[in-house]
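Visitor: Right, I'll just put the structure down here and ask away after.
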Amino acid sequence: MRSWKWAATAEAGGVGSAFSANIEYIPAQFKKSFVVLRGGLGYLGARYSMATAPQSITWNILLNGKENGCPPQVPSRSLFAEIGIGGSYLLDSKTTVDYLYGPILGVRRYFLFNVRTTGFWKAQICPVVTDHNVIPWGGIAIGIVLD
C-alpha cells in the first residue's frame, strides 16, 4: 500500500484565519485512522489586517468502513471524522503577537482529481477561544496530496 505523508490545502475560515495556505504532514498511520500535523500562513481580513500562522493536530478516523488501511487505497470511497485542536498566531502591524486556539471537529473526504492525483475537501467547526470569550467559527478547505 502506498503511504501518503504530505498534502497542501487552501482554506477559508479555519483556526484563526479568514484565508490560509497550509502544508499537512501525516506522522502516524493506523489501520483505520491517521494523525495530521498542519501549519500555514494566512490573513485575518481587511477589518483586522493581520497575518496569521495557523497550526493544528488532528486525528482522522474512518467513518464509512469501506477501506482497510490509511490513507485510503480507493480515495473516492473514504470519509473521515477529524478531531483535534488548533491555534493561530495573530501578527499585526504594531508588532504584537496574540494567540487564539480551540477544538476542531470536522469531516474529510478524499477524491480523485485524475488518475495520478488525489485531492480532498474538509469542513470543520472550530470555535475560537480568546482571553474573554468563545467565538463560533468554522472553515472549509480543498487540498491535494503531494506524494
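Numbering (this note's numbering), first residue to last: 3 to 149.
Think of the CB as a built atom: it goes at the ideal place given N, C-alpha and C, for glycine as much as any other residue.
Buried or exposed for W8, going by 16 or more other Cβ atoms inside 10 Å?
Guide: With fewer than 16 Cβ atoms within 10 Å of its Cβ, W8 is classed as exposed.
Visitor: Pull up the CB-CB distance for I25 and A10, whole angstroms please, since I reckon it's below 8 Å.
Guide: That pair is a contact at about 6 Å.
Visitor: According to DSSP, which residues form a beta bridge with F32?
Guide: Per DSSP, none; premise fails for F32.
Visitor: I think N62 touches S35, with their Cβ atoms under 8 Å apart; what is that distance to the nearest whole Å?
Guide: So it is a contact: roughly 6 Å between Cβ atoms.
Visitor: Taking the alpha-carbon positions, what's the S80 to L102 distance?
Guide: Their Cα atoms are separated by approximately 31 Å.
Visitor: How long is the line joining the alpha carbons of T132 and V38, rounded to whole angstroms?
Guide: The straight-line gap from Cα to Cα measures roughly 24 Å.
Visitor: Is W139 helix, strand or coil by DSSP?
Guide: If DSSP states are grouped into helix, strand and coil, W139 belongs with coil.
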